[in-house]
Amino acid sequence: MNLEWGVMLESLPRLLQGTLLTLELVALALVAGGLLSVPLALLRVSANPVLRALPLAYTFFFRGTPLLVQLFLFYYGLAQFEAVRESMFWPIVREAYWSALIVFTLNTGAYTTEILRGAIQAVPHGEVEAARAMGMSGGTLYRRIVLPRAYRIALPAYGNEIILMLKASALASTITLLDLTGMARTVIAKTYLPVEIFLVAGAIYLALTFLLVNGFRLLERRVLRFQQPRTA
Amino acid sequence: MFDLHGFGDQLLLGLGMTLKVAAGGLLLGLLLGLLGAAAKLSRSKPLYWLGATYTTLMRGLPELLVVLIIYFGTAGLLTRMAGWLGHDGYVELSPYAAGIVALGLAFGAYATEVFRGAIQAIPAGQIEAARACGMGRLRIFLRITLPQAWRVALPGLGNLFQVLVKDTSLISVIGLEELMRKSQIAIANTKEPFTFYFAAALVYLLITVVVMLGQHRAERWAARGQPGSTT
């Protein structure tokens with residue numbers, strides 16, 4: 001197969017520009033979704049059944065429907081309502097960038113909530129009881145024992161979630177954003193060379209996943225040091 | 233509950249297509265997963281590398297990009313191959329075929345890891361016993377390994393199928409008239425995007441619930457006769 005190497009090289013600056021938007025969307029959504037997930041995960045393990053059910057409805061919807069539907073529902077769907085179009089939020093809701101960011105945040109927030117809930121429930125009972133016996137209560141117990149422990153338990157699953165989010169961010173291209181995939185589609189519309197351009201875009205995605213996977217491996221090794229067999 | 237302006241049967245047709253693509257992707261993916269696991273567990277170095285490259289590639293690329301690559305990228309290749317066979321003219325995959333291939337490839341890569349873990353979970357003593365009984369490698373795989381491995385693999389495969397069903401929506405991007413595309417067509421006629429995208433979301437939720445229940449039952453059925461099972 002003869003590839004047009006020149007075109008691949010020429011497309012690189014624009015694809016890297018798209019990569020920046022991809023990284024920006026993923027990073028912001030992960031931070032916001034992470035912040036959102038902590039209080040929701042705490043509600044999910046609450047003793048009160050009503051408090052438990054509220055975040056469950058949220059995670060059920062966002063984990064049970066395709067991200068594409070969520071994006072379209074927000075970006076195209078909300079405009080159906082007069083009230084939305086006349087509200088103060090309209091300048092934000094009609095922007096593809098903000099729609100993508102908000103929907104990505106809610107989506108990754110839902111998955112992270114469930115990961116964190118599982119981790120909180122996996123904190124060994126003995127440690128919680130020991131902390132209670134030391135006289136720690138509610139806030140202190142969570143701040144000093146449960147959450148630091150849960151973060152470490154959640155880490156491997158959260159690493160997977162980051163990679164899934166990176167891959168899912170390609171959907172931003174379906175609402176006109178020029179992220180890596182969107183930029184690739186634009187360049188293809190001009191050059192009619194899908195194979196070449198997709199190869200470059202795919203290579204960039206693979207490089208990003210590779211960096212993430214190995215970065216996380218290092219991080220895990222560092223924060224989970226105490227679980228490793230002693231080498232001396 | 234809400235007015236679908238007579239597009240309800242269109243959505244049902246779309247649902248049928250969604251389920252067909254999901255089933256096709258599942259079958260192809262299971263096959264690829266088994267082959268992938270066999271390759272990654274094989275003693276042959278080239279086979280191992282083939283399996284490892286496949287899983288690394290497919291797990292690192294966005295599913296949407298895979299769908300686009302299969303649909304737009306294979307036309308040139310297929311046309312050339314048809315040329316060798318003496319066929320002139322343009323050959324391309326239909327969105328339906330491209331969708332099944334793309335989703336099957338993605339499912340297969342994750343299923344490879346699930347099957348590999350499940351096969352490795354079978355005690356080595358059983359394989360040795362089977363060999364001592366005089367079974368060949370294929371017979372060991374069919375009689376000893378597979379019947380036990382699929383039970384271990386079932387929960388993982390169920391989760392992958394949930395992902396697969398949701399990923400079928402991506403094929404609407406290349407024009408396949410499944411649930412999502414049918415909703416868009418209805419919206420173009422009625423100018424009510426929220427109504428139809430929300431209807432689609434509810435249908436996807438319904439599929440998720442049905443698959444979850446089916447998964448639960450299948451796992452219970454597979455675990456019958458196991459210590460600790462209630463059936």
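Protein chains in written order, with our numbering: chain A, 1 to 232; chain B, 233 to 463. For glycine and all other residues, C-beta sits at the position ideal for the given N, C-alpha and C. Quantities reported herein were computed from a predicted structural model and do not represent experimental measurements.
*Span of the alpha helix (DSSP H) holding A:S11?*
Locating residue 11 of chain A in the first sequence gives position 11, where the first residue counts as 1. Counting along the chain, the alpha helix (DSSP H) containing A:S11 begins and ends at W5 to R44.
*In this structure, does DSSP put B:Q488 in helix, strand or coil?*
Absent from the structure is residue 488 of chain B, since the part of chain B shown begins at 233 and ends at 463.
*Could you list which residues in chain B have their beta carbon closer than 9 Å to that of A:V7, in chain order?*
For the purposes of this step, residue 7 of chain A is identified with residue 7 of the first sequence, where counting begins at 1. Simply none; closest approach about 14 Å.
_Between the CA atoms of A:R94 and B:F428 - distance to the nearest angstrom_ = For the purposes of this step, residue 428 of chain B is taken as the residue at position 196 of the second sequence. For the purposes of this step, residue 94 of chain A is taken as the residue at position 94 of the first sequence. Near 19 Å, if we compare the C-alpha coordinates of A:R94 and B:F428.
*Do the CB positions of B:I439 and B:V395 come within less than 7 Å of each other?*
For the purposes of this step, residue 439 of chain B is taken as the residue at position 207 of the second sequence. For the purposes of this step, residue 395 of chain B is taken as the residue at position 163 of the second sequence. No. Outside cutoff.
*asked:* So for B:S276, helix, strand or coil by DSSP?
replied: What you label residue 276 of chain B is simply residue 44 of the second sequence in a count that begins at 1. Coil at B:S276, not helix or strand.
*Report the option in B:W453, B:L262 and B:A431 whose CA atom is closest to the CA atom of B:V346.*
Within the second sequence, residue 346 of chain B is the residue found at index 114, counting from 1. The residue with the shortest Cα to Cα distance from B:V346 is B:L262.
*Which of helix, strand or coil does DSSP assign to B:F373?*
In the second sequence, counting from the first residue as 1, residue 373 of chain B sits at position 141. Reduced to three states, the DSSP call for B:F373 is helix.
*Excluding the five sequence neighbours on either side, which residues of its own chain have a C-beta within less than 7 Å of the C-beta of A:T108, listed in chain order?*
Taking the first residue of the first sequence as 1, we reach residue 108 of chain A at position 108. Taken in chain order, the residues that qualify are A29, L30, G33, E161 and M165.
*asked:* Just to confirm, is the Cβ distance from B:L408 to B:G331 under 7 Å?
replied: Looking up residue 408 of chain B in the second sequence gives position 176. Looking up residue 331 of chain B in the second sequence gives position 99. Yes, the pair counts as a contact, with Cβ atoms nearer than the cut-off.
*A:T65 by DSSP, collapsed to three states: which one?*
Here residue 65 of chain A refers to the residue found at position 65 of the first sequence. Per DSSP, reduced to three states, the secondary structure at A:T65 is coil, with no helix or strand assignment.
*Return the chain-ordered list of same chain residues with a C-beta closer than 6 Å to the C-beta of B:R383, the five sequence neighbours on each side being excluded.*
As a working note, residue 383 of chain B is residue 151 in the second sequence. These residues qualify, in order along the chain: A454.
_Residue burial classification, B:M249 (beta-carbon count within 10 angstroms, cutoff 16)_ = For the purposes of this step, residue 249 of chain B is taken as the residue at position 17 of the second sequence. Buried is the call here.
*Starting from the C-beta of A:L12, find all residues in its chain whose C-beta is less than 8 Å away, skip the five residues before and the five after it, and write them out in chain order.*
Along the first sequence, one-based indexing puts residue 12 of chain A at 12. Result list for A:L12: V200, in chain order.
*Looking at chain B, which residues of the segment 64 to 79 of chain A have a Cβ within less than 8 Å of any of its Cβ atoms?*
G64, T65, P66, L67, L68, V69, Q70, F72, L73, Y76, G77, L78 and A79
*Pick helix, strand or coil for A:R144, following the three-state DSSP scheme.*
For the purposes of this step, residue 144 of chain A is identified with residue 144 of the first sequence, where counting begins at 1. Of the three classes helix, strand and coil, the one that applies to A:R144 here is helix, per DSSP.
*Contact under 7 Å by Cβ, A:A154 with A:A131*: Along the first sequence, one-based indexing puts residue 154 of chain A at 154. Along the first sequence, one-based indexing puts residue 131 of chain A at 131. No, the pair does not count as a contact, with Cβ atoms beyond the cut-off.
*First through last residue of the alpha helix (DSSP H) which encompasses A:K190*: Working through the first sequence from its first residue, we reach residue 190 of chain A at position 190. Counting along the chain, the alpha helix (DSSP H) containing A:K190 begins and ends at L180 to T191.
*Per-residue burial, A:D179 [other beta carbons within 10 Å of its own, 16 or more giving buried]*: By 1-based counting over the first sequence, the position of residue 179 of chain A is 179. Burial call: buried.
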